[in-house]
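The opening position of the sequence shown corresponds to residue 24 in my numbering, with each subsequent residue numbered one higher.
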Amino acid sequence: MSLNPPQHEAAHYIDGPLMVLAGAGSGKTRVIIEKIAWLIRSGHCEAKQIAAITFTNKSAREMRERISRALGAEPEGLTISTFHALGLKFLQAEHVAAGLKRNFSVLADDESRAVMKDLAIKGVKTETLNLFQSLISRTKNALQSPDEAARLARSPRELECAKLFGDYQRRLDLLSALDFDDLIAKPVLLLRDNLEVRARWQEKIRYLLVDEYQDTNAAQYQLLTLLAGTRGMLTAVGDDDQSIYSWRGANPENMNLLARDYPQLKVVKLEQNYRCTKRILHAANQLIARNPHVFEKKLWSDNPDGEPIALKEFASDTQEAEFIAASISNLQALERTRLGDIAVLYRGNHLSRAVELALRGLGISYQLSGGTSLFERQEIRDLIAHMRLLANPDDDVAFMRAVRAPKRELGDTSIDRLAEAASRSHCSMLAAASSHAVLKSLTGRAAGALTQFAELQTQLRKFAEYATPGEIALQLIARSGYLEWLKLQNRDPAIFERRREILADFTTWLSSYAPAHIAKGRGINTLNAALTQISLAGKDDDSENAVRLMTLHSAKGLEFDHVFLIGMDDGTFPHHSAIDEGRLEEERRLLYVGITRARKQLTLSYPKARNRYGSIEGCDPSRFLSELPEIDLPPPEAQAERTKKLAAGHLAAMRAMLSG
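Rendered as structure tokens:
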């Protein structure tokens, strides 16, 4: 497909600085690829004189692959990298001018955090250390020194952070080490203050391209303009409507700064959307029009009108998740939709829990992007280990985990002796724990703990012979003392309550929402069937063909045929902190990003009530829903008909599963 006129203009303009205002789905990356190829083919620049900058290693890899395909081979010397990789390359070349040793180190986030913890006041809380690490990062990206940070401090907490910043920076200097933020800040300061270095690098990089320009922070903006110089041989590609990272320092005002610092700036707008149906695009345009804009644009499309956007209200988040799982089952079974073409998007990772359970209940493969899967959380893995041991007393791996959750009077030495004894006797560790000879070789406390654990297993196994998996899980939690131990582990009541809720969600699902032949059955065989369902559902050899569960922030840059956008209630989306702090414009941009991920079908939903820290709270529809065009939302009777159709598909899927 050839370039459309604005794309062609952007790909071939080199008379000065250029900003490409690229709307969602408008082919912006293709413009960058075509421009690099044209610069090289036309002889305007050698490949080694071009640098293309993006924000992730994945994006850089994809860009490198595409330019290699466009030119037949990867051009020698072409720089395609992230900002931080470019900064590292710069500092390795200019280590003498930067006052660094040749073999300086770059600390990973956890290593820099460990340095801060060592320097902070003893007993500093984790959340305080997190805050300090974030503030120091922001201070570096604002190009402020520790002294400046101390002078600008507005509270005792900020003053304490500025002192830690100073101590931290001195420690890094002693270690001849840099952190991630230094990879941008130090090149900026050197380019700003050293004319010789600046001239050398402006000659070295004759043309600069940057993708996702709206996500640049203050330091990254200065790095770009210092490298581009007054010539302004720069193409910045971005979309102010997709600026959603202010929480990590991104500044959408950099769009305005570029126009201020380069009065000769040319702006090319890419407004044709190749991704979405007209209805989806109309909704996105009407929503984002409520935000102020320096550069006005309105996306349009030659695509079909498409299906109406569905808006669904449910009694609870559990019902919301069940509907989504049924809808996906219907799409897969009746419309032959690839699971990889479906995404469930949400404002916060915690919203994935109910959806995970509902998808597992129907045996639907999914891939969780970012966050921790419900089934990988410590408390769920602990409970599953107990269940596995009940189902199979010879499972030594499950024994090793279960016997320490909750923690008993058992050290590593006692466990090692038990394992050795079991190996010598050719029996399981649980069987060895009931052996008088083995117990005699241990301390009194360890022997007593093992005896108590073995007796509990015997009692629970008798109970399991007549109980459902859900009843077994509840009994395990109650009889093992796990909740009491969890409470001791988590002194913060909110954290404990959150983990207790996760266990409650899992046991409720196990009792009610697992497939019927498991949920209603009793005994060890049924428990084994449930464990098999848990281990296999949600997994697929082809991870590309699985439903994608992800936050809206993670979904940026991706697209899917079918998008379910859940949790559309006030306080969830927009987030309550954004409401309190008046940050609705960025939340609106985040919804705009979510809407424009959908190619063919978009479903918005919210619960009328949700469980928050052990209590049921009513929910109001998101205020953003009233900003969407009513003409694109189907009338209630149409939604009822769609729900009926989905229920029929869900029933067919359940029958197929049971017959299988």
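Here a beta-carbon is modelled for each residue, glycine too, at the ideal position from N, C-alpha and C.
Per-residue DSSP class, three states only, for residue i
i      : result
Ser65  : coil
Glu97  : coil
Phe78  : coil
Phe106 : helix
Leu651 : coil
Lys16  : Residue 16 cannot be examined here, being either before or after the span of the chain that is shown, 24 to 683.
Met677 : Note that Met677 scores a pLDDT of 48, beneath 50, so its modelled location is shaky and nothing firm can be said.
Glu640 : strand
Gln287 : coil
Arg571 : strand
Leu232 : strand
His305 : helix
Thr300 : coil
Ala578 : helix
Met42  : strand
Ser25  : coil
Gln355 : helix
Ser128 : strand
Val426 : coil
Lys510 : helix
Gly544 : coil
Ala456 : coil
Leu293 : strand
Gly594 : strand
Val367 : strand
Leu201 : strand
Asn551 : helix
Gly683 : Because the pLDDT at Gly683 is just 44, under 50, the model does not fix this residue reliably, and the point stays unresolved.
Ile56  : helix
Asn279 : helix
Residue j beta carbon less than 7 angstroms from that of residue i
i      : j      : result
Ile618 : Ala307 : yes
Leu198 : Phe155 : no
Tyr297 : Ile73  : no
Asn568 : Gly363 : yes
Ala83  : Thr52  : no
Gln237 : Gly255 : no
Ile144 : Pro98  : no
Ala93  : Ala121 : no
Ala200 : Ala185 : no
Pro327 : Thr360 : no
Gln390 : Arg620 : no
Ala414 : Ile495 : no
Ala366 : Ala344 : no
Ala460 : Ala477 : no
Arg545 : Thr491 : yes
Inter-residue CB distance, residue i and residue j (contact presumed, cutoff 8 angstroms)
i      : j      : result
Ala553 : Leu533 : 7 angstroms
Gly471 : Glu507 : Gly471 to Glu507, Cβ: 18 angstroms. No contact.
Leu613 : Ile228 : Actually they do not touch by this definition, with Cβ atoms about 33 angstroms apart.
Ala282 : Asn240 : Actually they do not touch by this definition, with Cβ atoms about 18 angstroms apart.
Phe529 : Ile403 : 6 angstroms
Arg408 : Ala421 : The question names Arg, but residue 408 in the sequence shown is Ala. Going by Cβ atoms, the distance from Ala408 to Ala421 rounds to 5 angstroms, so yes, they are a contact pair.
Leu462 : Thr474 : 7 angstroms
Lys289 : Lys320 : In fact, because the Cβ distance is near 15 angstroms, the residues do not count as touching under 8 angstroms.
The alpha helix (DSSP H) enclosing residue i, as first and last residue numbers
i      : result
Arg521 : Pro516 to Ser535
Phe587 : From DSSP, Phe587 is part of no alpha helix (DSSP H) but of the beta strand (DSSP E) over Phe583 to Leu588.
Gln480 : Gly467 to Ala487
Leu462 : His459 to Lys463
Pro179 : Pro179 to Leu198
Pro28  : Pro28 to His35
Gly617 : Leu607 to Ile618
Leu154 : Thr149 to Asn164
Leu441 : Asp435 to Ser448
Val220 : Leu218 to Lys227
Gly493 : Pro492 to Ser503
His599 : His599 to Glu604
Ala241 : Ala241 to Ala251
Leu175 : Pro169 to Leu175
Start and end residues, beta strand (DSSP E) containing residue i
i      : result
Gln624 : Ala621 to Pro630
Val119 : Careful: Val119 lies outside any beta strand (DSSP E) and carries neither H nor E.
Ala259 : Leu257 to Gly261
Practice task
Ignoring anything shorter than 3 residues or poking outside the segment 369-418, list the beta strand (DSSP E) runs there in chain order.
Solution key: Fully enclosed beta strand (DSSP E) runs of no fewer than 3 residues occupy 389-392 of the segment 369-418, in order along the chain.
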